[in-house]
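Residue numbers (our numbering): 2 to 408.
C-beta: ideal position from N, C-alpha, C; glycine also.
Values in this document were obtained by computation on a predicted structure and should not be read as measured data.
Single-structure report; data block below.
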């Protein structure tokens, strides 16, 4: 089944998305997500200028061969731009193959391993009453697991707090449409003093059964992360995410020594090589990579099979900068793998849902990709054309003395 056309579509319904559309000689189309938040045009150019010309005439059924061809033939390997571009191709080819088979994609991955996919939502607040209201709102929406993010006294803006976002936001969106990145401030000691009390209050209000998660967003040193993990042990977190920058994989040895709080890492990773030490030494409990940023379904399945050997589970990245195409790919994989843990889920805006027509559902805290052949997502190109690209940047973080810090 030869590929006869491939087109990169950039659209911005509330936020920017990069979508690859591949068409075969039989008229079957497949979609892949290549969105890289704040650097979208880099992937769009990589695809348009360097990848699309290589796809024309290739057999759409040869997914593994195409993956290896794109990864190895460029000589320059890995990196978020390259792996997002490869992911877009890979997911589009899986979409085509499943449509040709007349099956939802998860059936080609071995069929369902569960009835539904447990999702967690994002609750946040500038103070405890606002945070509690957000938790109640997410419980009313059906979420059975909830991430907790809160403002910190003495810090003007903190990652993950929706009420601090500028403009009309339906949820937390850090990428802002400004000429230059917004600069935020940070004080780790203030954060470490404040956060355990927040979780104590949440537990007192909502009880011991509700699974609670928290994202440290790479801001702590290993010893600071170890302290926080230990301080949060009485509150029985489902996980502590990105407690320290994990490019130095050995840093997690120190954290693991001092705390039994489960650890999740990897949303900024893009290959299995980023995880080798973390998985082999069982320094984490959950793999946080996104299908969109880690080479697609082909690569993520191999990564999660590797993790399964060490009883490490999935926790696939799923914010709104993963398009509905990338989200659907994650859900098909979630449903099929044995070592599923949890799925992050931020609901997209109505405008995004207008551009991307989806078949996946969210009911009583569980997601399901649906039964339509392929991914179950269709792109309305006329609607997409109404929303041209708008430059947006993720924030920059600085300490009180002006030093640039991890955001």
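query = Below 8 Å between beta carbons: does that hold for residue 163 and residue 125?
reply = Yes. Within cutoff.
task = Please work out which residues of its chain come closer than 6 Å, Cβ to Cβ, to residue 257, disregarding the five sequence neighbours upstream and downstream, and give them in chain order.
result = Take residue 257, set aside five residues on each side of it, and the residues of its chain with a beta-carbon closer than 6 Å to its own are 284, in chain order.
query = Nearest CA to the CA of residue 377: which residue from 361, 368, 365?
reply = Measuring from the Cα of residue 377, the nearest candidate turns out to be 361.
ask   = Run through DSSP, which three-state label would residue 157 get?
value = Reduced to three states, the DSSP call for residue 157 is coil.
ask   = Can you give the Cα-Cα distance for residue 55 and residue 158, rounded to whole angstroms?
value = Rounded to the nearest angstrom, the two C-alpha atoms are 44 Å apart.
task = Round the Cβ separation of residue 97 and residue 28 to the nearest angstrom and send it over; I've been treating them as touching at under 8 Å.
result = Between residue 28 and residue 97 the Cβ distance is about 11 Å, and since that is not below 8 Å, they are no contact.
inquiry  = If I measure Cβ to Cβ from residue 13 and keep anything under 6 Å in the same chain, skipping five residues before and after, which residues do I get?
reply    = Cβ neighbours of residue 13 beyond the five flanking positions: 388, 390, 391.
key: Within the region 195-278, ranges of the beta strand (DSSP E) (whole runs, at least 3 residues)   = Counting only runs of 3 or more, we get 213-216, 240-242, 264-266.
ask   = Can you give the beta carbon distance from residue 273 to residue 313, rounded, assuming they're within the 8 Å contact cut?
value = Between residue 313 and residue 273 the Cβ distance is about 12 Å, and since that is not below 8 Å, they are no contact.
message = Taking the alpha carbon of residue 305 as the reference point, which residue from 324, 325, 275, 329 has its own alpha carbon closest?
response = Nearest in C-alpha terms to residue 305, of all of 324, 325, 275, 329, is 275.
task = Under 8 Å by Cβ, that's how I've got residue 380 and residue 20 pegged, so tell me the actual separation to the nearest angstrom.
result = For residue 380 against residue 20, the beta-carbon gap comes to about 6 Å, under 8 Å, which counts as contact.
Residue environment, residue 179, which counts as buried when at least 16 other CB atoms sit within 10 Å = Classification for residue 179: exposed.
message = Using C-beta distances below 7 Å, list every residue in its chain close to residue 168, excluding the 5 sequence neighbours before and after it, in chain order.
response = A caution first: residue 168 carries a pLDDT of 49, below 50, which makes its placement in the model unreliable, though a value can still be read off. Excluding sequence neighbours, residue 168 sits near nothing in its chain.
query = How close, in whole Å, do the beta carbons of residue 296 and residue 104 come, if the pair is a contact with beta carbons under 8 Å?
reply = Between residue 104 and residue 296 the Cβ distance is about 23 Å, and since that is not below 8 Å, they are no contact.
query = How big is the Cα-Cα spacing for residue 403 and residue 187?
reply = Residue 403 and residue 187 have their C-alpha atoms roughly 10 Å apart.
query = For the alpha helix (DSSP H) that contains residue 327, what are its first and last residues?
reply = Judged by DSSP secondary structure, residue 327 falls within the alpha helix (DSSP H) whose first and last residues are 325-337.
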